[in-house]
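Colleague: Residue numbers (the numbering used here): 14 to 706. Ideal placement from N, C-alpha and C gives every residue a C-beta, glycine not left out. Model, not experiment: these values are computed from the prediction. Here it is, the structure, as structure tokens.
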């Protein structure tokens with residue numbers, strides 16, 4: 014009992030940490046860590062990856078030399094003026110490295126709370142049929158261990174025997190327990206979760222240090238985060254702008270000589286730093302890291318920033334029906350024997366064909382047969398061979414030593430078996446199949462020695478509120494496609510009820526692949542959501558592959574995202590996060606470039622208005638002097654970066670109002686704002702600086 018209370022307190026503490034991390038933008042320990050890391054990131058070898066801020070750092074280094082030089086020579090301005098410029102340029106770079114460091118610190122804080130669930134856990138390893146206590150770090154891929162009520166699951170694995178209620182709150186933050194069982198697509202368990210009831214036998218599916226929790230920690234820490242193609246393209250664009258303004262500043266020297274206006278090195282460097290897009294250059298990395306962090310806070314593990322970006326531009330979404338659109342596994346609800354077959358004989362054949370079937374559907378058939386209206390009690394004859402279900406045959410069954418061949422499966426599959434053997438397909442069974450399918454059920458036809466015995470009705474339950482969520486996706490421009498192995502009638506009923514735009518019935522793994530390839534060949538970006546091993550090829554082919562955490566290891570490894578909540582409509586949040594990431598980057602780029610325009614009109618007219626009086630007309634801010642104009646511009650240039658850090662981390666709010674409307678809105682707010690705010694900010698700073706110098 015004490016152990017149970019201890020575990021409960023531990024899990025409660027972890028959830029409090031997770032919630033705290035999610036609700037607070039800045040925490041004291043994160044800020045302190047980010048502040049120290051911002052100095053480490055000043056290393057030129059690290060900063061070189063950000064060409065904009067790297068050139069600012071070079072400018073600061075040059076200003077340090079000029080500042081020291083001005084102690085002995087007044088030709089480059091006063092020592093105090095040069096020192097001020099140097100300090101401001103240094104702070105500009107540090108604010109940029111701090112923005113990246115605070116984004117990483119938030120991820121590391123999340124990782125620390127996850128690490129608390131990865132403590133060394135005792136494992137009951139099965140060796141030659143006997144239990145042996147070992148630590149979780151000693152488990153290897155292929156090992157089999159036992160977990161019972163109250164045990165923590167030591168590492169990732171697949172349940173190979175049994176069924177249990179699992180508390181996954183340490184991973185997902187959700188308090189409601191979930192059921193995991195052998196067979197089917199709900200057999201995966203994650204290290205760090207806890208068994209609440211029953212007993213399971215689990216096979217380890219990962220090597221030490223490669224568990225899902227280990228990968229989560231590595232991902233959220235951002236240690237191996239690579240720049241996305243969009244980010245690389247923007248970096249190249251910013252580098253191009255930087256080069257252009259290098260040329261612009263160099264050409265000002267002969268103009269200044271012609272105008273007989275001496276310009277100091279400090280003025281040249283200040284002008285250059287103010288003209289290049291330092292705002293977006295300083296926040297670019299933080300925006301990318303924060304995008305992945307927001308996905309994690311939505312309980313989605315992303316294996317790359319590219320996947321998050323791609324989600325923002327999705328055109329088509331494929332969803333597996335069972336376990337994604339429907340609440341879970343289909344359940345047997347009725348037996349319909351054909352004319353001339355007694356209900357008891359039919360139910361007996363159904364139960365016989367399902368006794369060795371580990372799928373949830375098979376178990377539900379046995380349960381209905383043994384506990385339903387016609388109670389039967391049968392045992393599989395010794396020496397019988399169970400025929401497993403495959404995507405090709407779309408049927409399963411049993412062969413007994415006495416010569417019985419019982420098959421159950423899809424209507425067309427069993428019908429083909431029967432007709433090929435020279436038998437007729439009963440009209441009443443065909444009618445029952447149509448009725449079941451039209452009512453949204455799944456019919457399973459049963460045959461014995463290639464003769465049709467009847468049909469089993471399986472029913473799906475659609476997840477509540479799913480039609481409304483698909484409507485939101487439709488407003489975002491995302492087409493939803495349901496993929497199912499059911500017949501077209503059943504598929505159509507479920508598709509209409511769920512509110513999807515299209516469906517693929519009687520789908521084989523290659524059908525999903527072909528649909529995705531066809532959409533991609535048409536220039537569309539495609540997402541796939543699934544949880545089964547048969548979904549793995551399509552998850553790998555899709556531009557965004559989202560696997561359910563409850564799904565098989567193969568599915569989780571094939572996708573580039575994993576949904577910890579097992580919610581098929583989570584793609585709505587993923588799309589919004591992707592769009593928010595792209596919008597944040599775009600709007601801050603717009604703001605940064607608009608800033609440059611305002612700073613240009615602040616510095617250039619002020620530099621030359623003494624020697625060229627006609628330029629006074631362009632000094633629309635009426636700045637005090639050339640020196641105050643330069644100082645005011647570089648101060649504003651520095652402080653705008655930390656002021657925008659909260660926006661970079663939280664992201665620009667996304668509203669599904671259409672691309673053109675969004676563009677107009679953002680140009681108005683961030684384009685016009687990017688021009689007006691510097692004029693106001695620089696003028697206010699100049700009023701103070703003009704008094705001090």
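Quick one: what does DSSP say residue 186 is sitting in, helix, strand or coil?
Modeller: On the chain shown, residue 186 is found 173 positions in, with the first residue counted as 1. Confidence at residue 186 is low in this model, with a pLDDT of 48, below 50, so the placement of that residue is unreliable and no value is reported for it.
Colleague: Indicate the three-state DSSP secondary structure (helix, strand or coil) for residue 102 in the structure shown.
Modeller: As a first step, residue 102 is located in the chain shown; it is residue number 89 there, counting from the start. Note: residue 102 maps to helix in three-state DSSP.
Colleague: Counting along the chain, where does the beta strand (DSSP E) carrying residue 347 start and finish?
Modeller: As a position in the chain shown, residue 347 is number 334, starting the count at 1. Segment 344-350, the beta strand (DSSP E) holding residue 347.
Colleague: Out of 661, 73 and 551, point me to the one whose CA is closest to residue 567's CA.
Modeller: Position 554 of the chain shown, counted from the first residue, corresponds to residue 567. Nearest of 661, 73 and 551 to residue 567, Cα basis: 551.
Colleague: Who are the Cβ neighbours of residue 692 in its own chain at under 7 Å, not counting the five residues just before and after it?
Modeller: Looking up residue 692 in the chain shown gives position 679. The answer, listed in chain order, is 611 and 634.
Colleague: Straight-line CA distance for residue 479 to residue 488?
Modeller: For this step, residue 479 is matched to residue 466 along the chain shown. For this step, residue 488 is matched to residue 475 along the chain shown. One C-alpha to the other measures close to 14 Å.
Colleague: With H, G and I counted as helix, E and B as strand and the rest as coil, what does DSSP make of residue 447?
Modeller: Here residue 447 refers to the residue found at position 434 when the chain shown is read from its first residue. Helix, per DSSP.
Colleague: Can you name the residues that DSSP bridges to residue 647?
Modeller: As a working note, residue 647 is residue 634 in the chain shown. None, per the DSSP bridge assignment.
Colleague: At what residues does the alpha helix (DSSP H) containing residue 433 begin and finish?
Modeller: For this step, residue 433 is matched to residue 420 along the chain shown. 424-433 is the extent of the alpha helix (DSSP H) around residue 433.
Colleague: Taking only runs that begin and end inside the region 542-572, name each unbroken beta strand (DSSP E) of 3 or more residues, in chain order.
Modeller: Listed in chain order, the complete beta strand (DSSP E) runs (minimum 3 residues) inside the region 542-572 are 557-561.
Colleague: Give the secondary structure of residue 107 by DSSP, where H, G and I count as helix, E and B as strand, and everything else as coil.
Modeller: Against the chain shown, residue 107 aligns to sequence position 94. Looking at residue 107 - three-state DSSP - the assignment turns out to be helix.
Colleague: Tell me whether the beta-carbon of residue 450 lies closer than 9 Å to the beta-carbon of residue 502.
Modeller: Here residue 450 refers to the residue found at position 437 when the chain shown is read from its first residue. Here residue 502 refers to the residue found at position 489 when the chain shown is read from its first residue. Closer than 9 Å, so yes.
Colleague: Mind listing, in chain order, the continuous alpha helix (DSSP H) runs of no fewer than 4 residues lying wholly within the region 271-334?
Modeller: 278-288, 291-310 and 318-324
Colleague: Give me, in chain order, the residues of the same chain whose beta-carbon lies closer than 7 Å to that of residue 344; leave out the 5 immediate sequence neighbours on both sides.
Modeller: Walking along the chain shown from the start, residue 344 turns up at place 331. Hits under 7 Å: 377, 471 and 472.
Colleague: Can you tell which of 85, 173, 109 and 514 has its C-alpha closest to the C-alpha of residue 371?
Modeller: Here residue 371 corresponds to residue number 358 of the chain shown, with the count starting at 1. For the residues 85, 173, 109 and 514, the minimum Cα distance to residue 371 belongs to 173.
Colleague: Considering only residues of the same chain and omitting the five flanking positions on each side of residue 331, which have a CB-CB separation below 6 Å?
Modeller: Residue 331 sits at position 318 when you count from the first residue of the chain shown. Around residue 331: 494, 496 and 541.
Colleague: Which residues bound the alpha helix (DSSP H) around residue 373?
Modeller: The residue given as residue 373 occupies position 360 in the chain shown. Secondary structure note for residue 373: its alpha helix (DSSP H) is the uninterrupted segment 373-384.
Colleague: Go through its chain and collect everything with a Cβ distance to residue 356's Cβ below 6 Å, but skip five positions before and after it.
Modeller: Position 343 of the chain shown holds residue 356. If we look at residue 356 and ignore the five residues flanking it on each side, its Cβ neighbours are 350 and 387.
Colleague: Measuring CA to CA, which of 580, 309, 112 and 525 is closest to residue 55?
Modeller: Locating residue 55 in the chain shown gives position 42, where the first residue counts as 1. Out of 580, 309, 112 and 525, 112 has the C-alpha closest to the C-alpha of residue 55.
Colleague: For residue 140, name the three-state secondary structure that DSSP assigns.
Modeller: As a first step, residue 140 is located in the chain shown; it is residue number 127 there, counting from the start. DSSP places residue 140 in strand when its eight states are reduced to three.
Colleague: Between residue 149 and residue 204, which are expected to be in contact by the criterion C-beta below 8 Å, what is the C-beta distance as a whole number of angstroms?
Modeller: Stepping through the chain shown from its first residue, residue 149 is reached at position 136. Stepping through the chain shown from its first residue, residue 204 is reached at position 191. With a Cβ gap of about 7 Å, residue 149 and residue 204 count as contacting.
Colleague: Measure the Cβ-Cβ separation of residue 339 and residue 476 and say whether it is below 9 Å.
Modeller: Position 326 of the chain shown, counting from 1, holds the residue named residue 339. Position 463 of the chain shown, counting from 1, holds the residue named residue 476. Cβ distance < 9 Å, so residue 339 and residue 476 count as in contact.
Colleague: Are residue 104 and residue 651 touching if we call contact CB-CB under 9 Å?
Modeller: For this step, residue 104 is matched to residue 91 along the chain shown. For this step, residue 651 is matched to residue 638 along the chain shown. Yes, Cβ-Cβ distance for residue 104 and residue 651 is below 9 Å.
Colleague: Is the Cβ-Cβ distance between residue 605 and residue 206 less than 9 Å?
Modeller: Here residue 605 corresponds to residue number 592 of the chain shown, with the count starting at 1. Here residue 206 corresponds to residue number 193 of the chain shown, with the count starting at 1. No, these two residues do not count as a Cβ contact at 9 Å.
Colleague: In the DSSP assignment, find the unbroken beta strand (DSSP E) run with residue 58 in it and report its ends.
Modeller: Mapped onto the chain shown, residue 58 falls at position 45. Run containing residue 58: none in the beta strand (DSSP E); it sits in the alpha helix (DSSP H), 57-60.
Colleague: Tell me, please, whether the region 454-472 touches the region 416-433 by the rule of three or more beta-carbon pairs shorter than 8 Å.
Modeller: yes
Colleague: Which residues in the same chain as residue 73 place their Cβ atom closer than 7 Å to its Cβ, once the five residues preceding and following it in sequence are excluded?
Modeller: Along the chain shown, read from residue 1 onward, the residue named residue 73 stands at position 60. So the qualifying residues of the chain are 99, 102, 103 and 106.
Colleague: Could you give the first and the last residue of the continuous beta strand (DSSP E) run that contains residue 215?
Modeller: Position 202 of the chain shown, counted from the start, is the residue given in the question as residue 215. That run of the beta strand (DSSP E) goes 213-217.
Colleague: For the beta strand (DSSP E) containing residue 461, list its first residue and its last residue.
Modeller: Within the chain shown, numbered from 1, the residue matching residue 461 stands at position 448. Residue 461 -> beta strand (DSSP E) spans 454-461.
Colleague: Strictly by DSSP, which residues pair up with residue 175?
Modeller: Position 162 of the chain shown, counting from 1, holds the residue named residue 175. Within the DSSP bridge table, the entry for residue 175 names 213 as partners.
Colleague: In this structure, how does DSSP classify residue 36 when only helix, strand and coil are distinguished?
Modeller: Against the chain shown, residue 36 aligns to sequence position 23. Here the model assigns residue 36 a pLDDT of 48, short of 50, so the residue's position is not dependable, and the following value carries that caveat. Residue state, collapsed to three classes: helix.
Colleague: So, does the region 40-52 touch the region 74-91, judging by three or more C-beta pairs under 8 Å?
Modeller: no
Colleague: Classify residue 652 as helix, strand or coil using the three-state DSSP reduction.
Modeller: On the chain shown, position 639 is the one that residue 652 refers to. Of the three classes helix, strand and coil, the one that applies to residue 652 here is helix, per DSSP.
Colleague: Count the other CB atoms, across all protein chains shown, that sit within 10 Å of the CB of residue 699; report buried if there are 16 or more and exposed otherwise.
Modeller: Within the chain shown, numbered from 1, the residue matching residue 699 stands at position 686. Residue 699 should be labelled buried.
Colleague: Is it buried or exposed, residue 626, if we count other Cβ atoms within 10 angstroms and call 16 or more buried?
Modeller: Stepping through the chain shown from its first residue, residue 626 is reached at position 613. Around the beta carbon of residue 626, a 10 Å sphere encloses fewer than 16 other beta carbons of the protein chains shown; the residue is thus reported as exposed.
Colleague: If residue 353 and residue 364 are in contact, beta carbons under 8 Å, what's the gap, nearest whole angstrom?
Modeller: The residue labelled residue 353 in the question sits at position 340 within the chain shown. The residue labelled residue 364 in the question sits at position 351 within the chain shown. In fact, because the Cβ distance is near 20 Å, the residues do not count as touching under 8 Å.
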